[in-house]
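Each remark here refers to the structure printed beneath this line.
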Amino acid sequence: MNTEKLSSRQIAVLLYIIIMISGLLLMPGLTAEKAKQSAWIAIALASLPSFFCLWIVWKLGKRFPNNTLPEYAEIILGKALGKVVGGAYILFFLLVNILSVCEFSEFLTVCFMPQTPAIALNAILVLIGAYAVLKGIEVIARAAQFVFPLFMISLLILFVSVLPAVKLGKLLPFLEGGIKPVIWGSIPSIFVYGEIIVLAILLPMVNKPEEIKRKGAFALLTVAIFLSAGMMFTLMIFGSNLSGDLLFPFWYLSKYIEFGSYLQRVEGLILLLWMIGMIIKIAIFYYLTCFSTAKTLGLKSYKPVIYPMALIYLPAATFLFRNTAEFRQFLELYWPYLGSIFELVLPLILLFVAVIRKKQRRVSR
Numbered sequence: 005m006n007t008e009k010l011s012s013r014q015i016a017v018l019l020y021i022i023i024m025i026s027g028l029l030l031m032p033g034l035t036a037e038k039a040k041q042s043a044w045i046a047i048a049l050a051s052l053p054s055f056f057c058l059w060i061v062w063k064l065g066k067r068f069p070n071n072t073l074p075e076y077a078e079i080i081l082g083k084a085l086g087k088v089v090g091g092a093y094i095l096f097f098l099l100v101n102i103l104s105v106c107e108f109s110e111f112l113t114v115c116f117m118p119q120t121p122a123i124a125l126n127a128i129l130v131l132i133g134a135y136a137v138l139k140g141i142e143v144i145a146r147a148a149q150f151v152f153p154l155f156m157i158s159l160l161i162l163f164v165s166v167l168p169a170v171k172l173g174k175l176l177p178f179l180e181g182g183i184k185p186v187i188w189g190s191i192p193s194i195f196v197y198g199e200i201i202v203l204a205i206l207l208p209m210v211n212k213p214e215e216i217k218r219k220g221a222f223a224l225l226t227v228a229i230f231l232s233a234g235m236m237f238t239l240m241i242f243g244s245n246l247s248g249d250l251l252f253p254f255w256y257l258s259k260y261i262e263f264g265s266y267l268q269r270v271e272g273l274i275l276l277l278w279m280i281g282m283i284i285k286i287a288i289f290y291y292l293t294c295f296s297t298a299k300t301l302g303l304k305s306y307k308p309v310i311y312p313m314a315l316i317y318l319p320a321a322t323f324l325f326r327n328t329a330e331f332r333q334f335l336e337l338y339w340p341y342l343g344s345i346f347e348l349v350l351p352l353i354l355l356f357v358a359v360i361r362k363k364q365r366r367v368s369r
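When you line the sequence shown up against this note's numbering, it's residues 5 to 369, in that order.
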């Protein structure tokens, strides 16, 4: 069904964008609310389970090198139960993308276009995502490769330009409430790093899969460093209380950009790069949803699923949450635990059962 190929470098870039885009938008506000001035430690701590997730997916990929998760779930668990797992992951990828569309439309509504109906913004995002998926994962990956260096350069410019306004004292006292608030503060951020589960679908498309373990780990480490640095700058500018109250505190850092007389108020450029990055993320999870659906249903191509899926995305993203407070509450209280089931628990169960069954076959021989 799929003849598209990706390089290990393209996969690494996709991981950077998937995690970094949502991480910078959501993590600072969700984490600072609980971890306060130690939130930068909580964000680093939240990355640890994702390395375990990477290892699990890589081990499954080695055992089933030409199969995606819905396929080897049927091999491991049997056809009936495997299709149930495959169907569950379709719903998971679907929900991740609905949340991504909600996240970005909320960002645009809160920060720029409060009078614009959410359904209009959502329709634009979904249609652009559908068009990108129609073109294929290779086109999406090439777009990601193009925008990634520009996005990273814009982050570095942002960090440098706000240096005159930082106050190191806002990071103190260090671990004021002990380690417990840091652990609790890390929980809402775990699901963002856990989106590395996309490798369970994309790994068979990589032309050098043996490089994924190293490049994936390096991508996670680099993202964790950048997100922790972003949290530190947010805290040093706004303090822990304001950072916890704002829904998108990192975005407001761009308002501080003023680099000499040559570079002033470039938040418009950062917004443009952020929009492109978010559309790439939406397109990736849109692709994963359609591709997994086709695999689970035994279709020859994922493309017939693209536009029917849009009929689910648009109303769900528009009406799932009544307001920004509901959206934030879901991300904080429910999604970390629900996401962990699909990002960590189910892959671990699949690997465990695969290992046990292999040992049983050896004993029977």
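Note that CB positions come from ideal geometry on N, CA and C, so glycine has one too.
A quick note: this is a predicted structure, and the numbers were derived from the prediction, not measured.
Annotation for K184: the continuous alpha helix (DSSP H) segment containing it runs K184 to Y197. Fewer than three beta-carbon pairs drawn from the stretch 51 to 64 and the stretch 300 to 310 are found closer than 8 Å, and the two stretches are therefore not classed as touching.
Between W188 and I360, the alpha-carbon positions lie close to 34 Å from each other. T226: member of the alpha helix (DSSP H) spanning I216 to D249, first to last residue. Here V88 carries a helix assignment [DSSP, helix/strand/coil]. In this model, L138 and F242 are separated by some 42 Å (Cα to Cα). The beta carbon of P351 sits closer than 8 Å to the beta carbons of C57, I60, V61, L64, L73, I201 and A204 from its chain, once the five residues preceding and following it are set aside; these are given in chain order.
Between S165 and I47, the gap from beta carbon to beta carbon reaches 8 Å or more. According to the DSSP assignment, S12 belongs to the alpha helix (DSSP H) that extends over S12 to A39.
For P53, the uninterrupted alpha helix (DSSP H) run begins and ends at L52 to R67, by DSSP.
Three or more beta-carbon pairs drawn from the stretch 33 to 49 and the stretch 172 to 184 are found closer than 8 Å, and the two stretches are therefore classed as touching. For T7, the number of other beta carbons within 10 angstroms of its own is below 16, and it is reported as exposed. As the crow flies, the alpha-carbon of I94 is around 44 Å from that of V170. One alpha carbon belongs to I161, the other to L257, and they sit about 11 Å apart. Shown here for V151: same chain residues with a beta carbon closer than 8 Å to its own, the five before and five after excluded, namely I21, L277, I280, G281 and I284 in chain order.
Bridge partners of V114 according to DSSP: none are assigned. Taking C-beta separations shorter than 6 Å and ignoring five residues to either side along the sequence, the partners of L98 in its chain run T293, following chain order.
Taking every protein chain shown into account, the CB of Y338 has fewer than 16 other CB atoms within 10 angstroms, so this residue is exposed. Under the three-state reduction of DSSP output, V164 falls in the helix class. Counting along the chain, the unbroken alpha helix (DSSP H) around A329 starts and ends at T328 to L337. Shown here for L179: same chain residues with a beta carbon closer than 6 Å to its own, the five before and five after excluded, namely S42 in chain order.
With respect to the C-alpha of F237, the residue from L159, F289 and C106 having the closest C-alpha is L159. M209 is the residue among G234, L335 and M209 whose C-alpha sits nearest the C-alpha of N70. The beta carbon of F195 sits closer than 6 Å to the beta carbons of W339, P340 and G343 from its chain, once the five residues preceding and following it are set aside; these are given in chain order. In the DSSP assignment, E78 falls within the alpha helix (DSSP H) that extends over L73 to L81. Assignment of beta-bridge partners to V210 by DSSP yields L10. Taken atom to atom, the span from the alpha-carbon of L206 to that of L167 is near 39 Å.
Here the alpha carbon of S296 sits roughly 38 Å from the alpha carbon of S247. DSSP places Y306 in the coil class of the three-state scheme, outside both helix and strand.
Taking the Cα positions, I316 is about 10 Å away from V130. Between the stretch 103 to 112 and the stretch 316 to 331 there are three or more C-beta pairs closer than 8 Å, enough to call the two in contact.
Judged by beta-carbon spacing, F289 lies beyond the 8 Å limit of L29, meaning their Cβ atoms are not closer than that value. About 42 Å separates the beta carbon of P185 from that of K299, a gap too long to meet the 8 Å contact definition.
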